[in-house]
Amino acid sequence: RKSVVRITTGSQALDELLGGGIETLCITEAFGEFRSGKTQLAHTLCVSTQLPLHMHGGNGKVAYIDTEGTFRPERIVPIAERFGMDANAVLDNIIYARAYTYEHQYNLLLGLAAKMAEEPFRLLIVDSVIALFRVDFSGRGELAERQQKLAQMLSRLTKIAEEFNVAVYITNQVIADPGGGMFITDPKKPAGGHVLAHAATIRLMLRKGKGEQRVCKIFDAPNLPEGEAVFQITTGGLAD
Ligand code: GTP
Ligand code: MG
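Laid out in structure tokens, this is it:
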């Protein structure tokens, strides 16, 4: 039986909220408005995953699937320095791929699984998991097919998490909730419907606070208490 590894987010408050960090063997989803920190958390995890276990890392490589073209290798440099690591070595251990269609995204996962069988990976990022589905299945009658393909992709991600003891970190978008009624307090909800809700073990809702401050709330996680953590986005990645 594989044992869970918890990878630091760079923020102690956020780690505590998560029970120690982002976990291997399951899918962690972050959703929230633009600039809420989803991609910055991805960049920080790219580095912290490579830290040794005693420094709350995962001692492993990182696979990064980017559907929005927002990965910035130059952002990795100050984050690596903040953690006292060699930036070039850290960059060498991030396997990066840009996906252009949902099919491309799926095929990249197949290729990565083969790579993970040979090398020690601890993290797989998909930023964003749903954007290409929303583009490729934008027609009104295509929702059922989209959800079916999305389920297929998510089940592949779960399989990778469990087979290779990898943490899977995915980002999601928020959509306006069209469901009328006069008592709606939160008009935004994560995209992807029940399919995504069932696949992600831990769902994090991010929002902007003052300045560089961000707030993370546990949206849905069976084993975690409800709560919030405040963190900052800094040049060295997420911090308190
Ligand atoms: P979308 O993908 O647009 O939905 O947003 P996101 O949730 O992925 O936001 P992202 O993680 O890209 O966060 C963007 C925020 O990070 C912005 O407010 C930037 O100002 C901040 N940020 C990015 N780089 C740096 C940096 O080097 N230093 C600091 N202090 N902040 C940064
Ligand atoms: Mg982003």
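Once you know that position 140 of the sequence shown is 146 in my numbering, the rest is easy, because the numbers rise by one and skip nothing.
Here a beta-carbon is modelled for each residue, glycine too, at the ideal position from N, C-alpha and C.
Under 7 Å: does the beta carbon of residue i sit that close to some heavy atom of the ligand MG?
i           : result
residue 44  : yes
residue 177 : yes
residue 98  : no
Quick check: is any heavy atom of the ligand GTP less than 7 Å from the C-beta of residue i?
i           : result
residue 136 : no
residue 239 : yes
residue 218 : yes
Given a threshold of 16 other Cβ atoms within 10 Å of its Cβ, counted over all protein chains shown, does residue i qualify as buried or as exposed?
i           : result
residue 133 : buried
residue 178 : buried
residue 27  : buried
residue 219 : exposed
residue 200 : exposed
Does the distance from the CB of residue i to the CB of residue j come in under 8 Å?
i           : j           : result
residue 233 : residue 20  : no
residue 96  : residue 127 : no
residue 104 : residue 72  : yes
residue 214 : residue 17  : no
residue 106 : residue 155 : no
residue 140 : residue 197 : yes
May I have the straight-line CA-CA distance separating residue i from residue j, to the nearest angstrom?
i           : j           : result
residue 161 : residue 84  : 35 Å
residue 195 : residue 125 : 37 Å
residue 75  : residue 138 : 12 Å
residue 159 : residue 136 : 10 Å
residue 67  : residue 14  : 15 Å
For the pair the stretch 97–104 and the stretch 26–41, tell me if three or more CB-CB distances fall below 8 Å. no
How do the stretch 54–61 and the stretch 73–80 stand: do at least 3 beta-carbon pairs fall below 8 Å, yes or no? no
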